[in-house]
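One structure below.
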Amino acid sequence: MSDAGAADFKQVIRRLDRPRGKPGRRGKFLRKHNLSTEYVQQLISDSDGVRRVLRRVDLTVLPLLCVTYMLQFVDKQALSYSAVFDLFTDAHINGAQYSWFPSIVYIAYFLAEYPWSFLAQTTNIAKVTGVCIVLWGSVLMLTAASHDFSGMAFCRFFLGVFEAPITTFFVMTVAMWYTREEQPFRAGIFTSCNGVGSILGGLLTYGIGHMGGSLPVWKSIYLMLGAVTVLWGFVILLLLPDSIIAARRFTIDEKVTLIGRTRLGRTGVLSHRIRPHQIWEALLDPQIHLLFLFMLLNATINGGIANFGSLIIKGVVSDQLKTVLLGMPVGAVQIFWILSGSYAAYRFKNVNTIVMPLYLIPTAVGVLAMWLVDRKSHSVGVLFGYYVCTGYVTSLVLALQMPAANLGGYTKRMTGTAAVFLAVCVGNIVGPHAFLAEEAPTYPTGCKVILGCCVGQVVLAMLLRWLLSWRNQQRDAKEKEGKSQGYLDDTRVEGVDLTDFENPNFRYVL
């Protein structure tokens, strides 16, 4: 194969011919229970049995990811909810300072993402997740004690530090439990819980706004959301398994079925060993470069819309509680976009890089409506634009899952996923600053930036599809040549932590 930076397959073959070291955790598990390769094959060939096991994963692991992702969204949006009430006056902050709060969270994401990923690979991913949830819930409660910009900024930074690993961890968790074909829709399911969080967060804020009492509404929001999050963190520590082998609620046969299914993706085995050459390979891979740029533009859109959405609505209506209620339908529309797009990627083969640019069309249409439609005479048109503009989140979901599906080698997948997520951090830092306070409530500069980002993502998606198609064609040609020389055999690379460059049998999902 001739892609730049690709491994020399003959060198890989010589490596495979060397004596194997100690078996990995999965190999030890199979040997411990005297399970042969033939028995594993028998289990994964039983379609009814596989469906039952998949249903158990959907009902035991996936809900834990969904609730966590919903809470993360609600907790992050607590700033937007509190801005509708008396945050600006009580905390003595202005519009320019408010623009920095979303950015501070993502600066913390940027700094903390890879250290957390390193810790998770060398320890237990679920335990690290649970501890992070407890800590970010505690920071959220502490935010209620803030009374100035410095205090709020301090809390926002550490909220970002402890929230930083969640998306990367969940992408890797989905990759651990599901095949490459199943991953986009499952990632879509837990990501769509952002929409659920938007609805429930709006209802909760509306209810808190009617409570009355001496405590300011914005402080009540932080205290209640933080307390719920801390309790949920302990649930994750108890129930979320660190790996398939460590899952106490699955039988041996169910674990074997799941282990056998994950081998079908040829993305390498779970490994707690950091492999430096895989880190460099990920950082030099043009696929990661294109995905990084795509996510950077996508997150720039998110940084503006997610944090200024409620203020855009506030420019249409003046009542605080009505502003909260009118912001809730955007969550329902977002659920529709994510589930429909991710299901299309699951249902039809190799359409990820087609769905990604298509779902940017509603975003462009919605932003044009928010910018150009007259707010006084056509307020419904402005709200419609705000509701439909979240189609870009579907593109984010599919792009964020691609490193887990399209990179072989556990260290390379972890590095690639973390690197792409760093683009999310940078985009969300930049995005809010395109929405200038003096341009409220139409924010023309912010709208122009979003439209430019949409066009850029369409071009990048087309380039990514061309690159991955070209690589598959090169590998198909190499496979024909290799088979005639007796080089290629799936059994030789099974159970070995090879990258996609090193594994000649690897094919990329488009």
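Position one of the sequence shown corresponds to residue 6 (the working numbering), numbered consecutively onward. Ideal placement from N, C-alpha and C gives every residue a C-beta, glycine not left out.
Burial is judged here by how many other beta carbons sit within 10 angstroms of a residue's own beta carbon; R266 has at least 16 and is buried. For D53, the uninterrupted alpha helix (DSSP H) segment begins and ends at S52 to T65. The continuous alpha helix (DSSP H) containing C198 extends over residues Q188 to G214. Rounded to whole angstroms, the separation of the alpha carbons of P334 and S474 is 38 Å. Nearest C-alpha to T395 among V435, V233 and C459: C459. Distance from the CA atom of K33 to the CA atom of Q77, rounded to whole angstroms, is 36 Å. The residue among S203, V179, Y183 and I109 with its C-alpha nearest the C-alpha of E168 is I109. When rounded, the separation of the alpha-carbon atoms in G346 and V378 is 28 Å. In this structure, G436 and G308 form a Cβ contact; the two beta carbons are roughly 2 Å apart against a cut-off of 8 Å. In this chain, the alpha helix (DSSP H) harbouring R418 covers Y415 to V435. Within 10 angstroms of the beta-carbon of D505 lie 16 or more other beta-carbons, which makes it buried. I366 and A337 have their alpha carbons spaced roughly 18 Å apart. Residue nearest to K483 within the set F511, A466 and G461 is F511 (criterion: CA-CA distance). Residue range Y397 to N411 is occupied by the alpha helix (DSSP H) that includes N411. Between A439 and T450, the CB-CB gap stays under 8 Å.
In the DSSP annotation of this structure, I279 is not part of any alpha helix (DSSP H), being labelled neither H nor E. The beta carbons of I249 and W342 sit no closer together than 8 Å. For S225, the enclosing alpha helix (DSSP H) stretches over residues V222 to L244. Restricting attention to L244, A304 and S41, the CA atom closest to the CA of I130 is found in L244. Setting aside the 5 residues that flank it on each side, T447 is surrounded in the same chain by G320, M375, W376 and R380, each with a C-beta closer than 8 Å to its C-beta; the list follows chain order. Here A251 is exposed, its C-beta having fewer than 16 other C-beta atoms within 10 Å.
If you ignore the 5 residues before and after I98, its C-beta comes within less than 6 Å of the C-beta of F154, all in its own chain and listed in chain order. Of S382, L331 and V139, the smallest CA-CA separation from F239 is found for V139. The C-beta distance from L48 to V261 rounds to 6 Å, short enough to meet the 8 Å contact threshold. Counted as a single uninterrupted DSSP element, the alpha helix (DSSP H) harbouring F163 occupies residues F154 to E168.
Scanning D51, T148 and C71 for the CA closest to the CA of L92 turns up T148. In the three-state reduction of the DSSP assignment, V464 falls in the helix class, which pools H, G and I. DSSP, read as helix, strand or coil, puts T447 in coil.
The beta carbon of E444 is closer than 8 Å to those of T450 and G451 in its chain, skipping five residues each way along the sequence. Here R36 carries a helix assignment [DSSP, helix/strand/coil]. Here the C-alpha atom of E259 lies approximately 19 Å from the C-alpha atom of L69. Taken through DSSP and simplified to helix, strand or coil, H438 comes out as helix.
Going by DSSP, A117 is part of the alpha helix (DSSP H) stretching over G100 to T127. Annotation: L330 to E507 spans about 53 Å, alpha carbon to alpha carbon.
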